[in-house]
Amino acid sequence: MTSDKFNRRVKLCQLVISVAMPLAIGFAGYFIQLRIGETQTHQTVLKEVSSKLADRRLVIYDQIKHPLNDIYCYIEEVGDWECLSAPKIRQIRRNLNNIMYSNRAIWSPETFHLYINYIDNVAFDINHDNDCARIRAELSPERRIHESGEDVEKLLTGEQNPQHQDVYRCLNESLAKDLSLTDVLM
């Protein structure tokens, strides 16, 4: 009799296991599929946000690339720097600051720090007492000819920062990184 009971219990266990195992596998599959769907949705949202951020950065970059290059050309006396004047360069700086500071949130902290360093320490000498930004550029004979009639000594420091080219290059590399251009180019 006990062996009969034992056999019934074994058959009952087999029946329960044969029903429970597929159910457990089915539930596990269902929850795994749900989690995968949530992850894919999250990744899709992240891609859309990242794409919109890159688009916004590109719009801002289109507004700042030529003015930044104008400052660089004027200080280095390359390109069409003769078409620019010290007052114009100072105005370009003010316009750039308006654009960059109002869009600070879209740039990485590294890029914004490099921008501030370039604008306030390398390209310009800022006197916070009277809010005067003097351009860190040499007073070469050619510049004196092109700046005639203006009080150029008050607008230029007379010396260029020796790190000007390197800091400008680092800023451009950081901008390219924020624009995801380094991933495309490599």
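In our numbering, the protein residues as written are 4 to 189. Every residue gets a Cβ at the ideal spot worked out from N, C-alpha and C, and that includes glycine. Note that the coordinates shown come from a computational prediction; the quantities given were computed from them, not determined experimentally.
Since residue i contacts residue j with CB under 8 Å, what's their CB separation in whole angstroms?
i: Ile-78; j: Ile-138; result: 7 Å
i: Glu-80; j: Ser-177; result: Not quite, the Cβ-Cβ distance comes to about 25 Å (not below 8 Å), so this is no contact.
i: Glu-162; j: Ala-89; result: Not really, about 15 Å apart at Cβ, beyond 8 Å.
i: His-92; j: Ile-67; result: With the sequence shown as reference, residue 92 is identified as Ile, and His is not the correct amino acid for it. Wrong, their Cβ atoms sit about 14 Å apart, outside the cutoff.
i: Tyr-64; j: Leu-182; result: 6 Å
i: Leu-117; j: Leu-174; result: 5 Å
i: Asp-73; j: Leu-61; result: That pair is no contact at about 20 Å.
i: Ala-136; j: Ile-129; result: 5 Å
i: Ile-35; j: Pro-70; result: Going by Cβ atoms, the distance from Ile-35 to Pro-70 rounds to 53 Å, so no, they are not a contact pair.
Which partner residues does residue i have in the DSSP bridge list?
i: Asn-130; result: Cys-135
i: Glu-3; result: Absent from the structure is residue 3, since the part of the chain shown begins at 4 and ends at 189.
Report buried or exposed for residue i, applying the criterion of at least 16 other Cβ atoms within 10 angstroms of its Cβ.
i: Val-13; result: exposed
i: Thr-114; result: buried
i: Tyr-75; result: buried
i: Glu-145; result: exposed
i: Met-189; result: Summary for Met-189: the model assigns pLDDT 42, below 50, so the residue's position carries little reliability, and this model does not support an answer.
i: Leu-99; result: buried
i: Ala-108; result: exposed
i: Ile-39; result: exposed
i: Ala-197; result: Nothing can be reported for residue 197: it is not among the residues displayed for the chain, which extend from 4 to 189.
i: Gly-127; result: Note on residue identity: the sequence assigns Phe, not Gly, to residue 127. It counts as buried.
i: Leu-37; result: exposed
i: Val-48; result: exposed
i: Val-52; result: exposed
i: Val-125; result: buried
i: Val-155; result: buried
i: Tyr-171; result: buried
Regarding residue i and the ligand PLP, is the C-beta to nearest heavy atom distance less than 7 Å?
i: Cys-173; result: Among the components of this structure there are no ligands whatsoever, and the ligand PLP is therefore not found.
At the 8 Å Cβ level, is residue i part of the contact set with chain C, yes or no?
i: Asn-100; result: Any reference to chain C falls outside this structure, which holds one protein chain only.
Query raised in the report: Can you find at least 3 beta carbon pairs, one from the stretch 114-121 and one from the stretch 165-176, that sit closer than 8 Å?
Result: yes
At 4 residues or longer, what runs of the alpha helix (DSSP H) sit wholly inside the stretch 39-115?
89-105
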